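**Student:** Here it is, the structure in full.
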Amino acid sequence: MKKREYLFEVFKYNFNLYGFNCIETPSMENSEVLNGKYGEEGDRLIYRILNSGDFLKNINNKKNISSNNLKSEISKKGLRYDLTIPFARYVSMNRDKITMPFKRYQIQPVWRADRPQKGRFREFYQCDVDYIGTKSIVCESEIISLVYSIFKKLKIDDFEIKLNNRKILLGISEELNFKNKFEKFCVLIDKIDKIGVSGLKKEMKLSKFPTSSIKKLISLIELKGNNSSKINYVKTFLSNSKIGLEGINEIENLMKIKSDFTLDFTLARGLSYYTSTIFEVVPINNNIGSLCGGGRYDDLTEIFGYKNISGIGISFGIERIIEILNTNNLFPEKIEINNNVLISYLSNDLIKNSLELANKLREKGIPTDLYSEKAKLKKQLQYANNNNIPFVIIIGEDEIKNGKYMLKNMKDGNQNLLTINEIINKMSSIK
RNA sequence: GUGGUUGUAGUUCAGUUGGUUAGAACGCCUGAUUGUGGUUCAGGAGGUCGCCGGUUCGAGUCCGGUCUUCCACCCCA
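Those letters in the first sequence? Residues 0 to 430, by the numbering used here.
Here is the structure:
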């Protein structure tokens, strides 16, 4: 929890730096909003919410209803699957209130009815940043900068930003005569890291791609070299494809202002709504999948009746980033400390005094905890120890009488009698 | 959705071919130390062996069902 909050702080700070504002949308969406947006597999993974009330009342009359129809009959709502579609809905519904181009970030949990496994959860936080209402490649550039800025702050440095353009993929499928298998092609080429070239060959044969095209595709996949040499290669490769050249042109324009990314023509991304630039951030020495990913989508709002609105967004996978930070020991120690000082009192008569003292310290901005029941000093000190509280103030009869309190440093064990003001000064100087 | 895996103390796990009273480590509690923690030492509490049923003189152990955990695939952050 502490760790997640630390991440949120880093994210929010950087989002604000780049001029994004926060919005939130409800956990639940109507089924029509969710269904059909994430591909066939995606539909299966949407959590459905049963209608409230006696939702089976009218079902009895429909004896021949198919299980599929029954499903949509008794469940009209679902839990959100990602943050982008609800955002598109939000933009369409509030188009009178927002000014284009519109920028926002959103940090909320999403749910997927998947079998959990390593790095995959049924509920996880997504952290999305989107631009909407502009086709400018400034967005692409800004988002890449934002990623660097966040990962630098988190001290993660072994990662790579992979970038591609869906139009190039579309051009390839056009050129190699399997445009009708485009979706399948995206899925297959995207997992080439996992299955390798031979696996890809096998799967493509299995899915009946034209044999001649497989060979040509391999040459493209095994392409090495820097970004501009890669660009030159595909430029000739796709010289007959209008859409392909368009994609290349977009990347070239981007490279004029931003170049710290790796072109990777095997990057495809699963979600079907992307139409142009796509990118993913992958850790170099860890195989838990991508840490964040996103891309440009034209007309995502069209399904909600708002046309010709292009948007681009990126989504950070919080849980996976936590894993990376954990395995590399990159969380700062400071986040483990809850309170700077614990007030420990020795008899119930001293509760009132202790509470007063606690509030005085809190007024000065010093995080203060108070042991919530009378207990032996030993126990209270142990509590401070286990909770990483660096200072303890001990209050007994003598202290109250003299107006001086025992301040104990838990690290070196030193302690001395100080007045309230002296304690405040000391604590403030440490912070 | 497909294939596998797991379940025993608060936690992580042992538990032999079915056999008397189910163990360890850590954590927790008490004391050594009436108002001084981390270390040490002595003692103590904690379990319907996931749940239901079956085989057996006898089941944590074998069988069936069910739920759960984790992993891989599909897919994805």
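Glycine residues also receive a C-beta, built at the ideal position from the N, C-alpha and C atoms.
The structure presented is a predicted model; accordingly, all values stated were derived computationally and were not measured.
Just the Cα atoms here: how many angstroms apart are T261 and K161?
**Tutor:** Taking the straight line joining both Cα atoms gives about 5 Å.
**Student:** Return the CA-CA distance between E159 and A374, expressed in angstroms with no decimal places.
**Tutor:** Rounded to whole angstroms, E159 to A374 spans 53 Å at the Cα level.
**Student:** Would you say the beta carbon of V233 comes nearer than 8 Å to a heavy atom of the ligand GDP?
**Tutor:** No copy of the ligand GDP occurs in the structure displayed, which carries no ligand at all.
**Student:** Write down the C-beta distance between E245 and K166 rounded to the nearest angstrom, noting that I regard them as a contact closer than 8 Å.
**Tutor:** Indeed, because the Cβ distance is near 5 Å, the residues count as touching under 8 Å.
**Student:** For E16, which option in S148, N29, Y130 and T83 has the closest C-alpha, if you only look at C-alpha atoms?
**Tutor:** Reading off the sequence, residue 16 comes out as Leu, not Glu. Nearest option by C-alpha distance: S148.
**Student:** Rounding to the nearest angstrom, what Cα-Cα distance links I388 and E23 in this structure?
**Tutor:** Straight-line Cα distance between these residues: approximately 35 Å.
**Student:** Report buried or exposed for T418, applying the criterion of at least 16 other Cβ atoms within 10 angstroms of its Cβ.
**Tutor:** The residue in question, T418, is exposed, as its Cβ has fewer than 16 Cβ neighbours within 10 Å.
**Student:** Pull up the distance between the alpha-carbon of K76 and that of Q107, whole angstroms please.
**Tutor:** Computed Cα separation, rounded: 18 Å.
**Student:** Is it buried or exposed for A112, if we count other Cβ within 10 angstroms and need 16 for buried?
**Tutor:** Looking at its Cβ environment, which holds fewer than 16 other Cβ atoms inside 10 Å, A112 is exposed.
**Student:** Which value, in whole angstroms, describes the spacing of the CA atoms of M99 and V146?
**Tutor:** Taking the straight line from one Cα to the other gives about 23 Å.
**Student:** Going by DSSP in three states, P366 sits in which element: helix, strand or coil?
**Tutor:** Correct three-state label for P366: coil.
**Student:** Straight-line CA distance for K410 to M426?
**Tutor:** Cα to Cα, the separation comes out at about 14 Å.
**Student:** Could you tell me if V281 is buried or exposed, where buried requires 16 or more neighbouring beta carbons within 10 angstroms of its beta carbon?
**Tutor:** It is buried - the Cβ of V281 has at least 16 other Cβ atoms within 10 Å.
**Student:** Starting from M254, trace the beta strand (DSSP E) in both directions and tell me its first and last residue.
**Tutor:** Note, M254: premise wrong, no beta strand (DSSP E); alpha helix (DSSP H) at K241 to I256.
**Student:** Under the rule that 16 or more other beta-carbon atoms within 10 Å means buried, what is E221, buried or exposed?
**Tutor:** Counting Cβ neighbours within 10 Å, E221 comes out exposed, since fewer than 16 surround it.
**Student:** Quick test of your reading: C291 and S314, contact by CB under 8 Å. State the CB separation rounded to the nearest angstrom.
**Tutor:** C291 to S314, Cβ: 6 Å. Contact.
**Student:** Just to confirm before moving on: does the CB-CB distance between I194 and L324 stay below 9 Å?
**Tutor:** No, Cβ-Cβ distance for I194 and L324 is not below 9 Å.
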